[in-house]
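Student: Quick note on this note's numbering: the sequence shown kicks off at 75 and runs consecutively. Can you read through this structure? Questions will come right after.
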Amino acid sequence: MGVLDIFTPKSLEEQRADSVRSGKAVPERSERQRCWDSRDAYYSCLDRSGIVDAETEAGKALKKCREESARFEKECPAAWVPYFKKWRVADMAKKQKIAKLEAMGALPVNMDSGPGSTQKRTE
Numbered sequence: 075m076g077v078l079d080i081f082t083p084k085s086l087e088e089q090r091a092d093s094v095r096s097g098k099a100v101p102e103r104s105e106r107q108r109c110w111d112s113r114d115a116y117y118s119c120l121d122r123s124g125i126v127d128a129e130t131e132a133g134k135a136l137k138k139c140r141e142e143s144a145r146f147e148k149e150c151p152a153a154w155v156p157y158f159k160k161w162r163v164a165d166m167a168k169k170q171k172i173a174k175l176e177a178m179g180a181l182p183v184n185m186d187s188g189p190g191s192t193q194k195r196t197e
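Right, here's the structure in full:
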């Protein structure tokens, strides 16, 4: 990046990407898909590296998954990045709890007809 880069006008695509990243524009379907794809690639790298929480293990995550992290942060709105990182930790904890309960003999409960359900009740 040179000194004169600040005077070089950005393309419409770059301007749009900046607007989406900053939250000034709502991402379109294709932009959301690119975000999700980059998130999934980042998650795969974290899995291969044995990293659960990319926030508490930030140094290790950056060292092992630098390219995936850069793409993830470039393709996704800035507000989504920490959300996805926290969601990953919560989802993994949930899956571990479910596995532990199933190992203890717990059975899944179907909650399709509870409050807030869109299914009609038959009485």
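C-beta: ideal position from N, C-alpha, C; glycine also.
Just to confirm the assignment, what range does the alpha helix (DSSP H) spanning A132 have?
Tutor: A132 to K138
Student: Flag this pair as touching only if the stretch 125 to 136 and the stretch 153 to 163 have three or more C-beta atom pairs under 8 Å; answer yes or no.
Tutor: yes
Student: Is the distance from the Cβ of C150 to the Cβ of C119 below 8 Å?
Tutor: no
Student: Excluding the 5 residues flanking G97 on each side, which residues of the same chain have their C-beta closer than 8 Å to its C-beta?
Tutor: If the five residues before and after G97 are omitted, its C-beta is found closer than 8 Å to the C-beta atoms of P151, A152 and A153, all from its own chain and listed in chain order.
Student: Mind checking P101: buried by the 16 CB within 10 Å criterion, or exposed?
Tutor: buried
Student: Count the other C-beta atoms from every protein chain shown that fall within 10 angstroms of the C-beta of E88, then say buried if there are 16 or more, exposed otherwise.
Tutor: Per the 10 Å Cβ criterion, exposed.
Student: Using 8 Å as the threshold, is the C-beta distance between S112 and R145 below it?
Tutor: yes
Student: Taking the C-alpha atoms as reference points, what is the distance between E147 and A177?
Tutor: 37 Å
Student: I'd like the list of long-range same chain contacts for Y117, defined as Cβ closer than 7 Å, with 5 residues on each side in sequence excluded.
Tutor: For Y117, where only same-chain residues beyond five positions count, the Cβ hits under 7 Å are R162.
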